[in-house]
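Sequence lines, in order, name chains Z and F. Read in our numbering, the first sequence has 288 at position 288, and its numbers run on one by one without any break. Read in our numbering, the second sequence has 173 at position 173, and its numbers run on one by one without any break. Heads up, the beta-carbon is just placed ideally off N, CA and C, and yes, glycines get one too. All values reported here derive from a predicted model rather than from experimental measurement. Structure record follows, encoded as structure tokens.
2 protein chains.
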Amino acid sequence: MIKIAIVGYGNLGRGVERSIKQNKDMELVGVFTRRAPETVQTEGANAFTMDQLKHKKNEIDVCILCGGSATDLPTQTPEWTHLFNTIDSFDTHAKIPEHFAKVDQVAKENQTTSIISTGWDPGLFSLNRLYAQSILPVGETNTFWGKGVSQGHSDALRRIDGVTDAVQYTIPNSEVIEKLKAGEQLNLSTRDKHFRECFVVLEEGANAENIQEEIVSMPNYFADYDTEVHFISQAELDQNHKKMPHGGTVLHIGTTHENTKQVIEYNLQLESNPEFTASVLVAYARACVRLAKEKQFGAYTVLDIPPKYLSDRTDEELRKELL
Amino acid sequence: MIKIAIVGYGNLGRGVERSIKQNKDMELVGVFTRRAPETVQTEGANAFTMDQLKHKKNEIDVCILCGGSATDLPTQTPEWTHLFNTIDSFDTHAKIPEHFAKVDQVAKENQTTSIISTGWDPGLFSLNRLYAQSILPVGETNTFWGKGVSQGHSDALRRIDGVTDAVQYTIPNSEVIEKLKAGEQLNLSTRDKHFRECFVVLEEGANAENIQEEIVSMPNYFADYDTEVHFISQAELDQNHKKMPHGGTVLHIGTTHENTKQVIEYNLQLESNPEFTASVLVAYARACVRLAKEKQFGAYTVLDIPPKYLSDRTDEELRKELL
């Protein structure tokens, strides 16, 4: 049995707890949290303080780090990799090389193994970019996200004065996707690829017109997109917009000899983004433990990992059943 | 530069020649053929007899074996793996374990590396089954093929008395795919998943009605499917049906907690099946040479190969550009 610790227990940590129950070769040692453990409502797992983690070194094969990329993981992953094999979902794309270098050094010095930036983007989408571009080097890759809830954009809406709650959906332009697949050469701007749809609850007395204008002109978040804003009640938001669907498409249009068109498309439709991301982390936790057993210490990403390491089946079973 | 030999020069071999030209880190040593070399029309490559191959051991990093799975590869791959690193596209699914064992033994005894059963199915589709099933172990995978030309079914049509030429298209049932993606539980028979469409040229005086009946009732090939037969002229067949498109979809519908639906879809639309398969072989040729340099001898499949081994970019570049 692979013995797993969950470090940090929000939506992602809860998803990891649920995913571990679907994998017969794994068991959950416990949830480690900065909150008072007795206040954390798990789905059966024992909860401990963060401080207790270091005393359980011999009981844990791998820690799945479920904190956020902004402030938690940049320090937590190097820190816990001193003692444990670790997995994280660090997703600040521009800072991945720096994060990798830090974790790699700690892991090599302490003979541990860490797989960073696991999930679907970065993660499965990165893998598909790599396979597609390696197989069809003459071609172009486009990534589309959604339809799904963007936490960053929803947070940006909630920070506006006069807004009490809000949810933002990123919506890919399916017409553009179809045109690309049909072989059209498009010069795509940011505005062409995605729409943004906002569901916003106002404070009493707030000026809807001004807030609408503030949203659609917000730099970085909305100004470069066609954005639709709907003002709705808190009740409606709670009833219809509190799930966390997401997904997207990696589309690679390559050409072989004489512009012969070859289309590779990878598409995810996720009813729960955190539960799916958690499932990816859990599969790579299995790979992490296997690498560590082979004394392959250091930091890795999904691009390094032999696909079969994600599975609990033997090489013979995989060749027989999947090839 | 990676120095490559093409062994066998039909549609696939020609595709490999074309693909190598798209990869800047590769060069083609030559085409090795059972035909008289001077009768083989390459696209620039030197042609040699099969016999000359063994004298070029020091000039070649990897041989891409482009023979057929029925009679060529079962003997050719073990044979050439005595002397060379090899790649093949052996695709008789049921016989892969046996083929693997044979090649693995030769490769280990002779310190060579071979990657077998490379292409898109087996190959990229196998990879996607593995990733999807490892990440979402509670779920079901369905593979759909087409729309595309099936050589085996076209050959079966051409063997019928009174048929001079024919092409068969395998067509996936897109309605079923959409229903599965929408979460419907379907108990699918062979007939539900694919249609078959035949374009047939008759000998003068042949009885169309009898031949139509013979086709739709042919066991293994057509009896279990809804099959449409069109009788057309040779001119029309030559003009409209001599391309080799293919493709297909690996669709995995998984559920996480409480039947939360998660859909993973991998889809290929290929204008040229042999050129795409060739491109996959060429990318894995790069991986094969890298494994051999690391003295990782023996037989491998796509399921074993770290994704980054397919690329000519450094680990740093891949992390920066693709993650």
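Below 8 Å on the Cβ atoms is my guess for residue i versus residue j; work out the distance and round it to an integer in Å.
| i | j | result |
| --- | --- | --- |
| G248/F | F144/F | 5 Å |
| G148/F | Y169/F | 7 Å |
| P74/F | K320/Z | Not confirmed; about 17 Å, so no contact. |
| N128/Z | L180/Z | 15 Å between Cβ atoms; not a contact. |
| S117/Z | V282/Z | S117/Z to V282/Z, Cβ: 16 Å. No contact. |
| V62/F | I4/F | 6 Å |
| A292/F | F100/F | Not confirmed; about 17 Å, so no contact. |
| N85/F | C288/F | 5 Å |
| D161/Z | N173/Z | With a Cβ gap of about 31 Å, D161/Z and N173/Z do not count as contacting. |
| F125/Z | V250/Z | 5 Å |
Between the alpha carbons of residue i and residue j, how many angstroms are there, rounded?
| i | j | result |
| --- | --- | --- |
| S154/F | G183/Z | 28 Å |
| P137/F | G205/F | 57 Å |
| Q41/F | H194/F | 37 Å |
| N46/F | V263/Z | 31 Å |
| K102/Z | T255/Z | 39 Å |
| V201/Z | E140/F | 40 Å |
| P157/Z | H252/Z | The displayed chain sequence assigns Leu, not Pro, to residue 157/Z. Spanning the two alpha carbons is a distance of roughly 33 Å. |
| P122/F | S189/Z | 37 Å |
| D226/F | I87/F | 37 Å |
| G13/F | D91/Z | 41 Å |
| S150/F | V302/Z | 34 Å |
| N110/Z | E178/F | 50 Å |
| E79/F | S114/F | 12 Å |
| E27/Z | Q185/F | 30 Å |
| L323/Z | D72/Z | 40 Å |
| P245/Z | Q22/Z | 20 Å |
| F222/Z | V16/F | 46 Å |
| N58/F | S279/F | 25 Å |
| V216/F | S69/F | 27 Å |
| E197/Z | H93/Z | 24 Å |
| K56/Z | T33/Z | 14 Å |
| E294/Z | K295/F | 17 Å |
| D238/Z | D224/Z | 28 Å |
| N267/F | Y266/Z | 6 Å |
| Q52/F | N220/F | 41 Å |
Taking the alpha carbon of residue i as the point to measure from, which residue in the options has its own alpha carbon closest?
| i | options | result |
| --- | --- | --- |
| A285/Z | L65/Z, A36/Z, K54/Z and P37/Z | L65/Z |
| Y9/F | R35/F, R313/F, F100/F and K57/F | R35/F |
| A208/F | S233/F, L186/F and N58/F | S233/F |
| D315/F | K293/Z, I305/Z and E258/Z | I305/Z |
| F48/F | I6/F, V16/F, S272/F and A287/F | I6/F |
| M50/Z | P37/Z, Y221/Z and E59/Z | P37/Z |
| F199/F | I60/F, E236/F and Y309/F | E236/F |
| Q261/Z | N259/F, N273/F and P172/F | Checking the sequence, you will find Lys at residue 261/Z rather than Gln. Per the Cα distances, N273/F. |
| R313/F | Q133/Z, N240/Z, G298/Z and L53/Z | Q133/Z |
| F231/Z | N240/Z, Q76/Z and Q212/Z | Q212/Z |
| N259/F | L270/Z, E258/Z and Q52/Z | L270/Z |
| N240/F | D104/F, A166/F and R159/F | A166/F |
| T277/F | R290/F, N173/F and G119/F | G119/F |
| N210/Z | S311/Z, Q296/Z and V163/Z | V163/Z |
| K24/Z | D104/Z, R290/Z and S311/Z | S311/Z |
| Q105/F | S126/F, H82/F and L124/F | H82/F |
| A107/Z | K95/Z, T77/Z and S89/Z | T77/Z |
Give the DSSP bridge partners of residue i, in chain order.
| i | result |
| --- | --- |
| F231/Z | V200/Z |
| D165/Z | V201/Z |
| V263/Z | I253/Z and Q269/F |
| C63/F | A5/F and T86/F |
| A47/Z | V31/Z |
| G183/F | None, per the DSSP bridge assignment. |
| T143/F | V250/F |
| S174/F | In the DSSP output, where bridge partners are listed per residue, S174/F has none listed. |
| S114/F | T86/F and A299/F |
| G123/Z | W120/Z |
| V149/F | Y169/F |
| E194/F | According to the sequence displayed, residue 194/F carries His and not Glu. Per DSSP, P172/F. |
| D226/F | F195/F |
| M26/F | I2/F |
To be precise: take each residue of the region 285-304 of chain F, compare its Cβ to all Cβ atoms of chain Z, and keep it if any distance is under 7 Å. Which residues remain?
Hits within the stretch, in order: T301, L303 and D304.
At a CB distance below 8 Å, what residues from the region 132-159 of chain Z approach chain F? Give them in sequence order.
For the region 132-159 of chain Z, the residues whose beta carbon sits under 8 Å from a beta carbon of chain F are, in order, Q133, S134, I135, L136, P137 and V138.
Using a Cβ-Cβ cut-off of less than 7 Å, give me the residues of the region 246-272 of chain F that come near chain Z, in sequence order.
Taking 7 Å as the Cβ-Cβ cut-off, the region 246-272 of chain F approaches chain Z at T256, H257, T260, K261, Q262, V263, I264, E265, Y266, N267, L268, Q269, L270, E271 and S272, given in chain order.
Could you name the residues of the region 18-46 of chain F whose beta carbon sits closer than 7 Å to any beta carbon of chain Z, in the order they occur along the chain?
Within the region 18-46 of chain F, the residues whose Cβ lies closer than 7 Å to some Cβ of chain Z are R18, S19, Q22 and N23, listed in chain order.
With 8 Å as the limit, tell me which residues of the region 177-194 of chain F have their beta carbon closer than that to any beta carbon of chain Z; keep them in chain order.
Listed by position, the residues of the region 177-194 of chain F near chain Z (Cβ gap below 8 Å) are K181.
Which of the residues in the region 112-123 of chain Z, read from start to end, lie with their CB under 7 Å from any CB of chain F?
Cβ contacts with chain F: S117 and P122.
Please name the residues in the region 201-220 of chain F whose beta-carbon is closer than 8 Å to at least one beta-carbon of chain Z, in chain order.
Taking 8 Å as the Cβ-Cβ cut-off, the region 201-220 of chain F has no residue approaching chain Z.
Can you list, in chain order, the residues of the region 91-112 of chain F whose Cβ is nearer than 8 Å to any Cβ on chain Z?
For the region 91-112 of chain F, the beta-carbon criterion of a distance under 8 Å to any beta-carbon of chain Z is satisfied by H93, I96, P97 and F100.
Give, in chain order, every residue of the region 162-174 of chain Z whose Cβ lies closer than 9 Å to some Cβ of chain F.
If the cut-off is 9 Å between Cβ atoms, the region 162-174 of chain Z has nothing near chain F.
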